[in-house]
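Protein chains in written order, with the working numbering: chain A, 122 to 423; chain B, 122 to 423. Don't be surprised by glycine CBs; every beta carbon is placed ideally from N, CA and C. On a predicted model such as this, the values are computed, not experimentally measured, just so you know.
2 protein chains.
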Amino acid sequence: MKLTILGCYAATPRTLTNPTSQVLEVKNHMFLIDCGEGTQVQLRKHGIKFSRISHIFISHLHGDHFFGLPGLVSTFRLLGREKELHIYGPKGIKEAITMLLKLGDSWTNYPLCFHELTSVDSQVIFEDAKVIVQTIPLDHRVYTNGFLFREKERERTLNIEAVRYYEIDKAYFNTIKKGKDIVTEIGEIIPNRELTFDPPKPTSYAFCSDTAYHPSIVPLIKEVDCLYHEATFLESEVHLAKKTKHATAKEAAEIAKQASVGKLILGHYSTRYSSLELFRKEASVVFEPVELADDGKSFHIG
Amino acid sequence: MKLTILGCYAATPRTLTNPTSQVLEVKNHMFLIDCGEGTQVQLRKHGIKFSRISHIFISHLHGDHFFGLPGLVSTFRLLGREKELHIYGPKGIKEAITMLLKLGDSWTNYPLCFHELTSVDSQVIFEDAKVIVQTIPLDHRVYTNGFLFREKERERTLNIEAVRYYEIDKAYFNTIKKGKDIVTEIGEIIPNRELTFDPPKPTSYAFCSDTAYHPSIVPLIKEVDCLYHEATFLESEVHLAKKTKHATAKEAAEIAKQASVGKLILGHYSTRYSSLELFRKEASVVFEPVELADDGKSFHIG
């Protein structure tokens, strides 16, 4: 998986900082997560082809997470898009986007499919042969979901030497990779573990923003390879975090620790702080490794 | 008047070009005209204080002219704005903006006043002691208004030498500046023209975008000091201009010529052309002087 941060700052777009948006590249998909104002310009800036985006996941309906969406949807039309676009987000998103388009007497000439979310329990919202996406119910001022992206369990890896040794016909290879034992012509059972190696662990990424400190997400994101967790504030402003239902860097790290994730990425910073390093420092005391998101930065996951 | 172009390109925001937005500074007002996506970042970039903006004029409800408005309205709240904000635009704009705010369970803590426009005739939409703003009905694919900003007729300038010569008391100065004649104690009438000079001509600016070639606006914008007229295309693409109800550089110049304006500024360029100079060249054959708008450029008017 490759994660590219298009924007990771709280509240409003500024000259040098963008509101939330990121792109996750996984198994030929280019998933767009949140779409703050200016996202389409950030996509251009980072050379991400608009045509590769078919699925957009919106965490919640605060402006800094979706005010770039109407413009992006319109631009797709101007670019002559023909293929389907799927938008996953809280109930209300369909009416908002369609109303804005109708006001301009315009429409999309490509199929625009809204998947409106209302469940307070985690649910699978996208699945194909290789990837599964499910919601992570979060605790914010409005209905908010994080998103868990998981590669599906891969097939076992063939032990070439072993299958040669047992002189197994190629016709059985797919069966073996699926984990089945083999019965030879003389009735002998060859256990699958002698013919295969464990597959590489499927990679997983959890996006959790915006949210207060919310330990009930821990079982859902247990041992993900990478957790992006909002850290709007430092502990010195924990009272503001509580009041606005955001998290501190320390709280993000607590979640990462409890869930034993592979790596924590912090983001959604308030612009009140002089240096992002303050966030890393605070989180590192509780959990490591900690990475700092920043606009334009990419991370390889898994 | 000082006009600052925040964005003047057609269609979608790109890395180096912004959709329509401009700021007109006149008599202590900072009027914002149109508000494409990214306008708030452009305002910051050009050091324009958000608190100085109290009136926003939206020409029409195509995304490239108003998708930056929800974000700007939200940012005003985050910045703790208390004073009124007036938004003038086509019917529907109120429902759109309030719906987007409601979805985020947010509202403005300052008075937000919508002035929805439906008239197909020119109407005065703002007036105070020094400035008057009226609509310029345009011809585009959706209901669209340009805006005419005029300083009001100023008071006549006192001829200090003359009033001294006639030994006129200061108490009469305001009456004289308003154009009244003076009757002396012995009943002699001193005509106002002997006591005053003509006031400087009031400055005027007309914003006309988006629109097809539409000569019926000419009487309205007659002899304005400065006309901003869209020129999405060159004559070589006049068929596209007709189809999409936009104008060519030549057509913009025809309007400027018929209205005998002081200066023509071109803008709303399609990004298909290699150089903006092509627009100037085409327009200059018909009318001069022609200026080219560009993002970040300022013009002094009057």
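Interface residues of chain B facing residue i [CB-CB closer than 8 Å]
i: His183 (chain A); result: Gly225, Ser227
i: Thr136 (chain A); result: Val162, Arg165, Lys166
i: Met122 (chain A); result: Residues of chain B passing the Cβ test: none, with the nearest at roughly 26 Å.
i: Gly159 (chain A); result: Pro134, Glu158, Gly159, Val162
i: Leu361 (chain A); result: Under the 8 Å cutoff, chain B gives no residues; its nearest Cβ is about 13 Å from Leu361 (chain A).
Residue i classed as buried or exposed, judged by whether at least 16 other C-beta atoms fall within 10 angstroms
i: Pro134 (chain B); result: buried
i: Asp364 (chain B); result: The identity of residue 364 (chain B) in the sequence shown is Lys, whereas the question assumes Asp. With fewer than 16 other Cβ atoms within 10 Å, it is exposed.
i: Lys371 (chain A); result: buried
i: Ala250 (chain B); result: exposed
i: Ile307 (chain B); result: exposed
i: Gly388 (chain B); result: buried
i: Asp290 (chain A); result: exposed
i: Phe152 (chain B); result: buried
i: Ser325 (chain A); result: buried
i: Cys234 (chain B); result: exposed
i: Ile154 (chain A); result: buried
i: His350 (chain A); result: buried
i: Arg314 (chain B); result: exposed
i: Thr265 (chain B); result: buried
i: Arg401 (chain B); result: buried
i: Ile281 (chain A); result: exposed
i: Glu288 (chain B); result: exposed
i: Asp319 (chain A); result: exposed
Cβ pair residue i, residue j closer than 8 Å
i: Gly425 (chain B); j: Thr332 (chain B); result: The shown model of chain B, from 122 to 423, leaves out residue 425 (chain B), and the question about it has no answer.
i: Glu237 (chain B); j: Gly201 (chain B); result: no
i: Ile208 (chain A); j: Ile169 (chain A); result: no
i: Ser419 (chain A); j: Leu145 (chain A); result: no
i: His261 (chain A); j: Lys378 (chain A); result: no
i: Arg277 (chain B); j: Thr317 (chain B); result: yes
i: Glu309 (chain B); j: Lys148 (chain B); result: no
i: Glu358 (chain B); j: Val407 (chain B); result: no
i: Ile422 (chain A); j: Asp346 (chain A); result: yes
i: Leu206 (chain B); j: Cys156 (chain B); result: no
i: Ala217 (chain A); j: Leu413 (chain B); result: no
i: Phe188 (chain B); j: Pro191 (chain A); result: yes
i: Leu403 (chain A); j: Glu356 (chain A); result: Here residue 403 (chain A) is Glu; the residue named in the question, Leu, does not match the sequence. In contact: Glu403 (chain A) and Glu356 (chain A) (Cβ atoms closer than 8 Å).
Integer-rounded CB distance, given that residue j should sit under 8 Å from residue i
i: Tyr390 (chain A); j: Ala352 (chain A); result: 7 Å
i: Phe270 (chain B); j: Val252 (chain B); result: 7 Å
i: Val382 (chain B); j: Leu348 (chain B); result: 4 Å
i: Thr136 (chain B); j: Arg165 (chain A); result: 5 Å
i: Val263 (chain A); j: His181 (chain A); result: 5 Å
i: Ala380 (chain B); j: Lys322 (chain B); result: Not really, about 16 Å apart at Cβ, beyond 8 Å.
i: Leu385 (chain B); j: Ala373 (chain B); result: 7 Å
i: Gly417 (chain A); j: His183 (chain B); result: With a Cβ gap of about 30 Å, Gly417 (chain A) and His183 (chain B) do not count as contacting.
i: Lys215 (chain A); j: Ser175 (chain A); result: That belief does not hold up - the Cβ atoms of Lys215 (chain A) and Ser175 (chain A) are roughly 17 Å apart, past 8 Å.
Chain-ordered chain B contacts of residue i [CB-CB under 7 Å]
i: Thr196 (chain A); result: Thr133
i: Gly213 (chain A); result: Leu224
i: Pro191 (chain A); result: Gly184, Phe188
i: Gly300 (chain A); result: Residues of chain B passing the Cβ test: none, with the nearest at roughly 47 Å.
Chain A contact residues for residue i, given Cβ-Cβ distances below 8 Å
i: Arg262 (chain B); result: Asp226
Any non-hydrogen atom of the ligand HEM closer than 7 Å to residue i Cβ
i: Leu137 (chain B); result: Judged by which ligands are present, the structure shown has none, so any question about the ligand HEM falls away.
Proximal residues of chain A, C-beta to C-beta of residue i below 7 Å
i: Ala217 (chain B); result: Met220, Leu221, Leu224
i: Leu199 (chain B); result: Ala132, Thr133
Segment contact, 8 Å Cβ cut-off, at least three pairs: the stretch 135 to 145 of chain A with the stretch 157 to 167 of chain A: Here the stretch 135 to 145 of chain A makes contact with the stretch 157 to 167 of chain A; the two share three or more CB pairs at distances below 8 Å.
Segment contact, 8 Å Cβ cut-off, at least three pairs: the stretch 193 to 204 of chain B with the stretch 212 to 232 of chain B: Two segments are said to touch when three or more pairs of C-beta atoms, one from each, lie closer than 8 Å; by this definition the stretch 193 to 204 of chain B touches the stretch 212 to 232 of chain B.
Three CB pairs or more closer than 8 Å across the stretch 257 to 264 of chain A and the stretch 322 to 332 of chain A: Judged by Cβ distances under 8 Å, the stretch 257 to 264 of chain A makes contact with the stretch 322 to 332 of chain A, as three or more pairs qualify.
Touching by the beta-carbon criterion (3+ pairs, under 8 Å), the stretch 287 to 303 of chain A and the stretch 124 to 131 of chain A: Verdict: no, contact absent.
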